[in-house]
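Report on one structure; see the data block that follows.
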Amino acid sequence: MSYDANRITELLAQLQNSSAFQNTVTPNPSSQTPAQQPENTDIGASANHTSPAAHSSTTTPQASSSPSIFELLSRLNPDAAPSGLTELPLPSPVPKSSQQDATTDPSPVSGAPPALNLRYMTVQQALPHISKLVQRAEFRDKIKRMQDRQNLLEQSLYSDQQEVLTRHEERVGYARNRATIIGVPLSDKENEELASQLAADLKKFHQGRLLVAWDAQRTKQQKEMEALGVPCMFVTSEQAALQRQQKVLRILLESINESEDME
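Listed below in structure tokens is the structure:
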């Protein structure tokens, strides 16, 4: 910290002339000797020149130069800090809550809400995403190709099922021709056996051919549509999720058809 020499000089003169200083320095007025010359109030001058009394060997050992500001202050205030030192203010105690806040992690800044998971959106939440997807021609072309593959599979399964029905009709026709030849109509037991044979053939076809092919096709479509970003689409066999996928798929196909009609 820098000091103003002129200001210090003025303060020094005021302190020397004050009655509080005179009472502190010379508590007994009778023992005080009058000053032989006026005190030099220039700190710079007192540092470079000595008073005539300093050259006399008979005078009492008394400092001829003006006392420093720190000496004067120490006389007036015994509890003052030593000369040349400045007491630093003690740091104010930190509140306990502030200490806890400094040690704990800062709370995350609230930003944009986290994005919804496409898999678990509701149908209502999926509508804006579907609207954006159907605007892309590339997306519509991929969905159309998926439709074409599904149509081919459905035609193939239908054809295989028709073969099962055709074999059943052939068995029924053979049994009736035989009954006609021998002149005895088909009995109820024979009709039940034919019906049971048809049911067994259809069950075998459904479980061994149709359902297997359909499940494979559904899984493939679920993967492809999830990769395309279609909401609610992922590989699953859970009934509620499948129903939601069917609704989304129906809306998707209708939106594609409407988009094509507008073009």
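In our numbering, the protein residues as written are 9 to 271. The C-beta atom is built at its ideal place from N, Cα and C for all residues, glycine as well.
Residue i in three-state terms, based on DSSP
i: E246; result: coil
i: N56; result: Its pLDDT being 46, under 50, N56 is placed unreliably in this model, and the coordinates cannot settle the point.
i: A61; result: A caution first: A61 carries a pLDDT of 43, below 50, which makes its placement in the model too unreliable to give a value.
i: M241; result: coil
i: S267; result: helix
i: L257; result: helix
i: S195; result: coil
i: L124; result: coil
i: T68; result: Only weak support is given to the placement of T68: the predicted model assigns it a pLDDT of 44, under 50, and the question is left unresolved by the model.
Residue interval of the alpha helix (DSSP H) (run including residue i)
i: M154; result: A145 to I190
i: V131; result: V131 to L141
i: V220; result: L219 to A235
i: Q215; result: Premise fails: Q215 is in no alpha helix (DSSP H) and is neither H nor E.
Integer-rounded CB distance, given that residue j should sit under 8 Å from residue i
i: T244; j: L236; result: Not quite, the Cβ-Cβ distance comes to about 17 Å (not below 8 Å), so this is no contact.
i: R179; j: L202; result: 6 Å
i: D168; j: R217; result: 6 Å
i: V142; j: R252; result: About 18 Å separates the two Cβ atoms, so there is no contact after all.
i: R148; j: I264; result: 5 Å
i: Q158; j: Q225; result: 6 Å
i: R144; j: F242; result: Actually they are not in contact, since the Cβ atoms of R144 and F242 sit about 21 Å apart, beyond 8 Å.
i: E232; j: M154; result: 6 Å
i: L124; j: V172; result: The Cβ separation is near 46 Å, so there is no contact.
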